[in-house]
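Chemist: Before anything else, here's the structure in question.
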Amino acid sequence: MAIIRRQESGSFEGNYNADLSTKQYKKGQRRDTASGAYQYNNRTWKGVLQDELKMPNLLKQYPRAVNAPKEIQDMVTAKRFEKWRSEGKTDHEIILKHFTGNFAGKISAKA
Numbered sequence: 001m002a003i004i005r006r007q008e009s010g011s012f013e014g015n016y017n018a019d020l021s022t023k024q025y026k027k028g029q030r031r032d033t034a035s036g037a038y039q040y041n042n043r044t045w046k047g048v049l050q051d052e053l054k055m056p057n058l059l060k061q062y063p064r065a066v067n068a069p070k071e072i073q074d075m076v077t078a079k080r081f082e083k084w085r086s087e088g089k090t091d092h093e094i095i096l097k098h099f100t101g102n103f104a105g106k107i108s109a110k111a
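Written as structure tokens, this is what we have:
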């Protein structure tokens with residue numbers, strides 16, 4: 001997970017307070033809501049806690065990844081990766097899923 005933290009938030013230790021939503025964007029560019037050490041956008045964070053991991057109470061407590069302490073961000077990501085490993089996914093597929101939203105690594109036209 002350190003490699004993903006490094007890529008997403010700029011350090012192997014992880015910038016758990018990283019918040020892309022505060023960055024300024026030029027007119028016409030969409031605003032990103034990514035936050036936390038693993039840069040979950042708000043929609044993904046909500047889906048992971050509510051639907052994927054069945055932890056709606058955590059969502060109430062931490063509505064955005066950046067609101068969650070280090071231990072929660074790490075736990076959520078680890079549980080997600082463990083779930084995918086139990087489904088037979090390789091580390092390569094897991095990394096693709098984290099970055100692109102799918103195990104094949106296909107980038108959508110919206111990206």
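Just so you know, we're using our numbering here: the sequence shown kicks off at 1 and counts up by one. Even glycine gets a Cβ: it sits at the ideal position worked out from N, Cα and C. All of these numbers come straight from a predicted model, not from anything done at the bench.
Given a cut-off of 7 Å, decide if R64 and N41 are closer than it, judged by their beta-carbon atoms.
Modeler: Locating residue 41 in the sequence shown gives position 41, where the first residue counts as 1. Locating residue 64 in the sequence shown gives position 64, where the first residue counts as 1. Contact flag unset, no.
Chemist: Based on Cα-Cα distance, which residue from R80, L59 and Q39 lies nearest to K46?
Modeler: The residue you call residue 46 lines up with position 46 of the sequence shown. Closest option to K46, Cα to Cα, is L59.
Chemist: Would you tell me roughly how many angstroms separate the C-alpha atoms of T90 and Q39, rounded to the nearest one?
Modeler: On the sequence shown, position 90 is the one that residue 90 refers to. On the sequence shown, position 39 is the one that residue 39 refers to. Near 21 Å, if we compare the C-alpha coordinates of Q39 and T90.
Chemist: Rounded to the nearest angstrom, how far is the Cβ of R19 from that of V66, given a contact under 8 Å?
Modeler: Within the sequence shown, numbered from 1, the residue matching residue 19 stands at position 19. Within the sequence shown, numbered from 1, the residue matching residue 66 stands at position 66. The sequence as given places Asp at residue 19; Arg does not occur at that position. At roughly 5 Å, the Cβ-Cβ gap stays under 8 Å, so D19 and V66 are in contact.
Chemist: Over what stretch of residues does the alpha helix (DSSP H) that includes K83 continue unbroken?
Modeler: Within the sequence shown, numbered from 1, the residue matching residue 83 stands at position 83. Note, K83: alpha helix (DSSP H), K70 to S86.
Chemist: In chain order, what residues of the same chain lie with their CB nearer than 8 Å to the CB of K79, ignoring the 5 residues before and after it?
Modeler: Translated into positions along the sequence shown, residue 79 becomes position 79. Hits under 8 Å: L53.
Chemist: DSSP puts D19 in a beta bridge; with which residues?
Modeler: Counted from its first residue, the sequence shown places residue 19 at position 19. Answer is S35.
Chemist: If you compare alpha carbons, which of E87, P56, L49 and H92 is closest to D74?
Modeler: Taking the sequence shown and counting its residues from 1, one reaches residue 74 at position 74. Per the Cα distances, L49.
Chemist: Pull the bridge partners of Y40 from the DSSP assignment, please.
Modeler: Residue mapping note: residue 40 aligns to position 40 of the sequence shown, counting from 1. DSSP lists S35 as partners of Y40.
Chemist: Classify I107 as buried or exposed, calling it buried when 16 or more other Cβ atoms lie within 10 Å of its own Cβ.
Modeler: Position 107 of the sequence shown, counted from the start, is the residue given in the question as residue 107. Flag for I107 reads exposed.
Chemist: Taking a contact to mean a Cβ-Cβ separation below 7 Å, would you say K37 touches R5 in this structure?
Modeler: Translated into the one-based positions of the sequence shown, residue 37 becomes position 37. Translated into the one-based positions of the sequence shown, residue 5 becomes position 5. Position check: residue 37 holds Ala in this sequence, whereas Lys was assumed. For A37 and R5, yes; Cβs fall inside 7 Å.
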